[in-house]
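Here the structure is laid out as structure tokens; the discussion comes afterwards.
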Amino acid sequence: MLILKQITNVFFIRLSQAPLAQTLEQLAFQQDVNLVMGERLEGNISLKLNNIDMPRLLKIIAKSKHLTLNKDDGVYYLNGSQSGKGQVAGNLTTNEPHLVSHTVKLHFAKASELMKSLTTGSGSLLSPDGSITFDDRSNLLVIQDEPRSVQNIKKTDC
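When we follow the UniProt record's numbering, the leftmost residue of the sequence shown carries the number 1, and every step to the right adds one.
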């Protein structure tokens with residue numbers, strides 16, 4: 001159940017066992033926030049918050065669900081965290097294995113197509129803990145992986 005009462009950019013929200021990914025997608029649409037979500041976002045969420053804005057809501061959800069939240073060039077990136085610990089808005093916590101994030105702005109290729117070529121087939125450049133998300137509107141790839149794998153992807157000149 002989703003109840004929103006908007007007062008400028010601040011709103012009231014009550015959720016009871018709402019599907020996390022679909023709820024965040026709808027909220028981002030309603031609040032006109034650019035949000036890219038990783039594939040590992042699953043499960044439900046229940047909360048009741050008064051006088052909250054979207055950036056604070058994303059931080060609260062990321063912290064409570066042990067997710068990684070980053071913001072780059074006006075776009076929020078929310079990804080699942082393998083180890084049960086997460087990082088929120090630049091606050092670094094140690095993850096085992098150590099994962100780093102790298103954003104790539106593409107000029108001559110579609111982000112969705114390049115992501116497929118980097119992750120499919122026998123030659124995937126990602127480690128087992130790595131992930132790539134994309135935003136077609138801004139044509140960005142967000143790579144989250146071990147430093148060695150990120151360096152290998154950078155060498156491909158994508």
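Glycine residues also receive a C-beta, built at the ideal position from the N, C-alpha and C atoms. Quantities reported herein were computed from a predicted structural model and do not represent experimental measurements.
| Check | Outcome |
| --- | --- |
| Cutting at 6 Å between CB atoms, please list the residues of its own chain near H102, excluding the five before and the five after it. | I143 and V150 |
| For the segment 34 to 45 against the segment 65 to 82, do three or more pairs of beta-carbon atoms, one drawn from each stretch, fall closer than 8 Å, so that the two count as touching? | yes |
| How would you call N70, buried or exposed, if buried means at least 16 neighbouring beta carbons within 10 angstroms? | buried |
| From the DSSP output, read off the bridge partner residues of P19. | N44 |
| Mind reading off the beta-carbon distance from A111 to D136? Whole number of angstroms is fine, and I expect it under 8 Å. | 6 Å |
| Compare the Cα-Cα distances from K48 to each of D129, A28, F11 and K63 and report the closest residue. | F11 |
| Go ahead and label G86 buried or exposed: buried means 16 or more other beta carbons lie within 10 angstroms of its beta carbon, across all protein chains shown. | Confidence in G86 is poor, its pLDDT being 43 and thus under 50, which makes the residue's placement too unreliable to answer from. |
| So, I45 versus T68, is the Cβ gap smaller than 8 Å? | no |
| So, with DSSP's three-state summary, where would you put residue 177? | A question about residue 177 goes unanswered here, because the residues of the chain that appear run from 1 up to 158. |
| How big is the Cα-Cα spacing for L58 and S117? | 30 Å |
| Do you know how far the Cα of V100 is from the Cα of I52? | 29 Å |
| Answer yes or no: do E146 and G130 have a C-beta to C-beta separation smaller than 8 Å? | yes |
| CB-CB under 6 Å to L20, same chain, minus the five flanking residues each way: which ones, in chain order? | L41, G43 and I45 |
| If you count every other CB in all the chains shown that lies within 10 Å of the CB of T156, and 16 or more means buried, which is it? | exposed |
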